[in-house]
Structures are given as structure tokens and as C-alpha cells.
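Residue 606 is where the sequence shown ends in the working numbering, and the numbering goes up by one at each step. Idealized CB from N, CA, C, for every residue including glycine. The structure presented is a predicted model; accordingly, all values stated were derived computationally and were not measured.
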Amino acid sequence: MPRRLWDLKSNRVVDNDLHTQSMLYPLFWAITHSWTNDMKPLAMTPINQYQWPIPLPGDIDLERDVRAELLSFGAEYVWLDVLCLRQHSGTQKPNDHNSTLDSMKQNEWKIDVPTIGNIYRAAERVVRYFNGLGRPF
Numbered sequence: 470m471p472r473r474l475w476d477l478k479s480n481r482v483v484d485n486d487l488h489t490q491s492m493l494y495p496l497f498w499a500i501t502h503s504w505t506n507d508m509k510p511l512a513m514t515p516i517n518q519y520q521w522p523i524p525l526p527g528d529i530d531l532e533r534d535v536r537a538e539l540l541s542f543g544a545e546y547v548w549l550d551v552l553c554l555r556q557h558s559g560t561q562k563p564n565d566h567n568s569t570l571d572s573m574k575q576n577e578w579k580i581d582v583p584t585i586g587n588i589y590r591a592a593e594r595v596v597r598y599f600n601g602l603g604r605p606f
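In C-alpha cells form, the structure reads like this:
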């Protein structure tokens, strides 16, 4: 199961351990998307408690363009790579905090990236944004 899921109703990323305490894992949708040339690399968001910047297409807003659309389709929990997989620290200036974050990312990715296929297989539904995340289907 995924390490994290985006709870669309509360609009926050929740850790897997919150679900495994009850031994019930919610049904979730997996979102896949095309990466575009205009991805902005440093979009910080309260959805993941500002833990890492997320890359988004330049004209996309997660609230307006992605969350609202997925809720209207009936999704409640979503696995979205840019929110649920820790991304790079997002700054060019090395410091101890960024070094720790990048180290955490590397350790998580050793486990999480090889299991992405299992996430898509376990998902109740898979949604694919062919034109870039949040752009019209």
C-alpha cells in the first residue's frame, strides 16, 4: 500500500500509519499524469504541510483544477506522485535541513518507487491526465 494518500475531503496528505492502526485501508484512486515542459518546480502547499515543494504545470492550481474535479467524480482518497512521494528539497542552497530532506527522499524512494506498479494495481480507479496534471482530459 502507498506510504501516503491525499484525503480530498480534508485536503491534506495523510500517512499510511494512520490507516494501518485500524487495519482498514481506504479505497483510493491513483492519478497518473504527463510531465510538461512548463512544470514549475517550487510550488509549496499546505496539502502536504509544506514538507516539500511539488512540481506542477505553470497554470495549474491543485485546489481548483485537480481536487475539485476529482471530488466531483466521487474520489475521496487519492495517490498522486507529486504529493505522496517526497520530492527534492527545491532549493539550490545546500544546508543541513535540505540535506536531511534529500536523504529522507532517497531512503523513501528506495522502497516506494519500485512498488508504484502495486499502487496502480491496488487502486480502485486510475485517472490519467494525458495533457498534464489538472489540464482538461
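Need the endpoints of the beta strand (DSSP E) that residue i sits in, please.
{"i": "residue 500", "result": "498 to 502"}
{"i": "residue 474", "result": "473 to 476"}
{"i": "residue 483", "result": "481 to 484"}
{"i": "residue 598", "result": "594 to 598"}
In chain order, what residues of the same chain lie with their CB nearer than 6 Å to the CB of residue i, ignoring the 5 residues before and after it?
{"i": "residue 495", "result": "546"}
{"i": "residue 487", "result": "Since pLDDT at residue 487 reaches only 49, below the 50 mark, its modelled position is unreliable, and no value is offered."}
{"i": "residue 603", "result": "529, 534, 535"}
{"i": "residue 594", "result": "498"}
Below 8 Å on the Cβ atoms is my contact criterion, and I expect residue i with residue j to pass it. Report the Cβ-Cβ distance as a whole number of Å.
{"i": "residue 474", "j": "residue 536", "result": "13 Å between Cβ atoms; not a contact."}
{"i": "residue 514", "j": "residue 531", "result": "6 Å"}
{"i": "residue 482", "j": "residue 517", "result": "5 Å"}
{"i": "residue 581", "j": "residue 554", "result": "6 Å"}
{"i": "residue 601", "j": "residue 503", "result": "5 Å"}
What's the call for residue i, buried or exposed, on a 16-neighbour Cβ count within 10 Å?
{"i": "residue 598", "result": "buried"}
{"i": "residue 586", "result": "exposed"}
{"i": "residue 556", "result": "buried"}
{"i": "residue 526", "result": "buried"}
{"i": "residue 521", "result": "buried"}
Check for me: the alpha helix (DSSP H) holding residue i runs from which residue to which?
{"i": "residue 585", "result": "585 to 591"}
{"i": "residue 551", "result": "550 to 553"}
Excluding sequence positions up to five away, which residues of its chain have a Cβ less than 7 Å from the Cβ of residue i?
{"i": "residue 584", "result": "none"}
{"i": "residue 588", "result": "471, 499, 548"}
For residue i, which residues of its own chain have a beta-carbon under 8 Å away from its beta-carbon, when the five flanking residues on both sides are left out?
{"i": "residue 592", "result": "497, 498, 499, 548"}
{"i": "residue 484", "result": "472, 473"}
{"i": "residue 538", "result": "603"}
Checklist entry - Hey, which unbroken runs of the alpha helix (DSSP H) at 4 residues or more fall wholly within the stretch 497 to 547? => result 537 to 542
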